[in-house]
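**Student:** The structure under discussion is supplied below as structure tokens; questions concerning it will follow.
Chains as they are written, first to last, in the numbering used here: chain U, 26 to 423; chain Y, 228 to 412.
This is the structure we're talking about:
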């Protein structure tokens, strides 16, 4: 069944389909309609879950951490400064290995105050140990949200599903809603690896010493370093889990196939533009325009940003003469974070460094600055002619 | 890819987003796989000028940037003409659909197609509260722009306003459809 709804509603319907049992959230634009929709569904008895209204985002994630520790499927959502206010608990959820799912309706962070879209909020959380997926349209939002629960539970690692604030969160477009009766085939009920039980009290994640030591059962227990190493190992292995989950989803629902990167006209491309989210779909029209002008160019959307699918990125870019990375966020003091990650992937995976494509970073749409399709084409025309705009912030007016 | 771009100008709270969503849904149900409605958000309050972009095509639409060169401009309140350059970027053979109590001859947009209807009066006649124009304006649009069977649009209006005077809203659209004047201005 197709509906025409907003991206926030697509996310909410995905959460309902997944059978989340606990939802805790604090409203913040542009995420608010998502959690409003969930509270409506729960209030109307159309979703069997507990909605916990809280006084802050920090508490929202704390509630999810508690719920997940007790074995419940838990969900939250936020944007911008709400995500930053959560930050301490964001680290905690990953360290505690809790399969929480969170949607982030991407928004610029203050100061100065700004409610519009860019990616600085979720990019600034890239080192917390969460899996990060970027959706490009409403179909991906609802499908990714559903898949996120399976990935999280298979890896015991929390997952962030990120989508552009306003551009996707508030835009109406058609998308197919997966059939509820098929969901059980794809996502069985949550079987926690460990769940708190009042009849058998325990402390979780107490002070853990630098060195390994014998536990109460007399067995050698991991120290902090081992626990953190396993998080890193499991995150690296999660690339494969994301692929397997996508394949399973495709088998049941017939959609998917681009879990790591999503190429468009890259096969014969001399130049490839790389980005995250809805911008990479907008760039498809730019690619068509530039191809009509005789340029062999394609666009590569990075769908899984953490863990970095480095091998898939390098394979997609191998053979290109040049790469332009277009980002709505940056690691202040250096460059776009994706740009750095991508260069690193190329350095690691291309056997002959002399054949590596050049990589140029471009910044666009910070704080919701309108990204005109014509401006994207102009910036890339400059790049194809050998000189990207200086400064490399598209449409900046100093 | 052939695409129709319709820019809606209204005031915060007037229901332009709902109106364009109704047209998007009717278009999608009638074979337009690409039907997206992108509201542009400022810091508007109720009554402030707002606009949204409705793009309709037979194929999926990937570009969600705001419409710059509309085929059609729909204006829910004629007083907006004093505040906003609604015709900005309008294509040469473009169309303006305007809710106004004034006749077509009162306007000069430099030779574009213009459709006018007194949607406020017609909506009141249909039994809607004063100022409710977002169902009626769809009738005026459909009169001048024949993309989806009008009966399908009326059905979608009734579905969208389920529980909120669906018959009166559909009637407002029908009255506006029948009482829209189309010409060149």
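Note that CB positions come from ideal geometry on N, CA and C, so glycine has one too.
Within 10 angstroms of the Cβ of residue 94 of chain U, are there 16 or more other Cβ atoms? Answer buried if so, exposed if not.
**Tutor:** Buried: at least 16 other Cβ atoms inside 10 Å.
**Student:** Output the boundary residues of the beta strand (DSSP E) element that contains residue 27 of chain U.
**Tutor:** Residues 27-31.
**Student:** Do residue 403 of chain U and residue 306 of chain U have their C-beta atoms closer together than 8 Å?
**Tutor:** No, Cβ-Cβ distance for residue 403 of chain U and residue 306 of chain U is not below 8 Å.
**Student:** Would you say residue 398 of chain U faces chain Y, with C-beta separation under 8 Å as the test?
**Tutor:** Interface residue, yes.
**Student:** Alpha carbon to alpha carbon, how far is residue 398 of chain U from residue 277 of chain Y?
**Tutor:** Looking at the two C-alpha atoms, the distance is approximately 21 Å.
**Student:** Within 10 angstroms of the Cβ of residue 126 of chain U, are there 16 or more other Cβ atoms? Answer buried if so, exposed if not.
**Tutor:** Residue 126 of chain U is buried by the Cβ-count criterion.
**Student:** Please tell me whether residue 385 of chain U and residue 144 of chain U are closer than 8 Å, where the distance is taken between their beta carbons.
**Tutor:** No.
**Student:** I think residue 350 of chain U touches residue 266 of chain U, with their Cβ atoms under 8 Å apart; what is that distance to the nearest whole Å?
**Tutor:** No, residue 350 of chain U and residue 266 of chain U are not in contact; Cβ-Cβ is about 26 Å, not under 8 Å.
**Student:** Could you tell me whether the region 312-331 of chain Y touches the region 297-304 of chain Y, where touching means 3 or more Cβ pairs closer than 8 Å?
**Tutor:** With a cut-off of 8 Å, the region 297-304 of chain Y and the region 312-331 of chain Y count as touching, because enough Cβ pairs lie within range.
**Student:** Please confirm whether residue 288 of chain U has its beta-carbon closer than 8 Å to some beta-carbon of chain Y.
**Tutor:** For residue 288 of chain U, the answer is no, since every Cβ of chain Y falls outside 8 Å of its Cβ.
**Student:** Would a C-beta distance cut-off of 8 Å place residue 349 of chain Y and residue 396 of chain Y closer than the cut-off?
**Tutor:** Contact: no.
**Student:** Is residue 262 of chain U helix, strand or coil by DSSP?
**Tutor:** Looking at residue 262 of chain U - three-state DSSP - the assignment turns out to be helix.
**Student:** Closest Cβ-Cβ distance between residue 248 of chain Y and chain U: below 8 Å?
**Tutor:** Cβ-Cβ to chain U under 8 Å: yes for residue 248 of chain Y.
**Student:** Secondary structure at residue 366 of chain Y, three-state DSSP: helix, strand or coil?
**Tutor:** Correct three-state label for residue 366 of chain Y: helix.
**Student:** What are the boundary residues of the alpha helix (DSSP H) that includes residue 364 of chain U?
**Tutor:** From DSSP, the alpha helix (DSSP H) with residue 364 of chain U extends over 362-374.
**Student:** Listed from N- to C-terminal order along the chain, which residues in the region 295-308 of chain U have their beta-carbon within a distance smaller than 7 Å of any beta-carbon of chain Y?
**Tutor:** The region 295-308 of chain U vs chain Y, Cβ under 7 Å: 303, 306 and 307.
**Student:** Mark residue 357 of chain U as exposed unless 16 or more other C-beta atoms lie within 10 angstroms of its C-beta, in which case mark it buried.
**Tutor:** Classification for residue 357 of chain U: exposed.
**Student:** Using a beta-carbon distance below 8 Å, is residue 341 of chain Y in contact with chain U?
**Tutor:** Output row for residue 341 of chain Y: interface = no.
**Student:** Verify whether the separation of the beta carbon atoms of residue 287 of chain Y and residue 264 of chain Y is less than 8 Å.
**Tutor:** In this structure, residue 264 of chain Y does not lie closer than 8 Å to residue 287 of chain Y by Cβ.
**Student:** For a contact meaning CB atoms closer than 8 Å, what does residue 310 of chain U contact in chain Y?
**Tutor:** Residues of chain Y passing the Cβ test: 289 and 290.
**Student:** Leaving out five residues before and five after residue 228 of chain U in sequence, what residues of the same chain have Cβ atoms less than 6 Å from its Cβ?
**Tutor:** Result list for residue 228 of chain U: empty, nothing under 6 Å.
**Student:** Please name the residue or residues paired with residue 168 of chain U in a DSSP beta bridge.
**Tutor:** Bridge partners of residue 168 of chain U: none, in fact.
**Student:** Drop a sphere of 10 angstroms on the beta-carbon of residue 165 of chain U, count the other beta-carbons inside from all chains shown, and report buried for 16 or more, exposed for fewer.
**Tutor:** By the 10 Å Cβ count, residue 165 of chain U comes out buried.
**Student:** Quick check: is the beta carbon of residue 192 of chain U nearer than 8 Å to any beta carbon in chain Y?
**Tutor:** Interface residue, yes.
**Student:** Where does residue 421 of chain U fall in DSSP's three states?
**Tutor:** Coil.
**Student:** May I ask you to report which of helix, strand or coil DSSP gives residue 107 of chain U?
**Tutor:** Correct three-state label for residue 107 of chain U: helix.
**Student:** Along the beta strand (DSSP E) that carries residue 385 of chain U, what are the first and last residues, could you check?
**Tutor:** 383-388 is the span of the beta strand (DSSP E), which, as asked, contains residue 385 of chain U.
**Student:** For residue 325 of chain U, list the residues DSSP reports as bridge partners.
**Tutor:** The partner list for residue 325 of chain U (beta bridge, DSSP) reads U:288 and U:299.
**Student:** So residue 197 of chain U is in the beta strand (DSSP E); what residue range does that whole segment cover?
**Tutor:** First-last of the beta strand (DSSP E) with residue 197 of chain U: 197-201.
**Student:** Could you give the first and the last residue of the continuous alpha helix (DSSP H) run that contains residue 82 of chain U?
**Tutor:** It spans 82-94 - the alpha helix (DSSP H) in which residue 82 of chain U sits, taken as one unbroken run.
**Student:** Using 8 Å as the threshold, is the C-beta distance between residue 270 of chain U and residue 378 of chain U below it?
**Tutor:** Not a contact, by the Cβ cut-off of 8 Å.
**Student:** As an exercise, report each continuous alpha helix (DSSP H) stretch of at least 4 residues that is fully enclosed by the region 285-357 of chain Y, in chain order.
**Tutor:** For the region 285-357 of chain Y, whole alpha helix (DSSP H) runs of length 4 or above, ordered along the chain, are 346-352.
**Student:** Quick one: list the residues of chain Y neighbouring residue 22 of chain U, beta-carbon separation under 7 Å, in chain order.
**Tutor:** The question about residue 22 of chain U has no answer, for chain U in this structure spans 26 to 423.
**Student:** When the Cβ atoms of the region 245-261 of chain U are set against those of the region 361-369 of chain U, are three or more pairs found closer than 8 Å?
**Tutor:** No contact exists between the region 245-261 of chain U and the region 361-369 of chain U.
**Student:** Pull up the distance between the alpha-carbon of residue 198 of chain U and that of residue 240 of chain U, whole angstroms please.
**Tutor:** When rounded, the distance between both Cα atoms is 55 Å.
**Student:** Roughly how far, in whole angstroms, is the beta-carbon of residue 370 of chain Y from the beta-carbon of residue 346 of chain Y, given that I think they are within contact range, below 8 Å?
**Tutor:** That belief does not hold up - the Cβ atoms of residue 370 of chain Y and residue 346 of chain Y are roughly 11 Å apart, past 8 Å.
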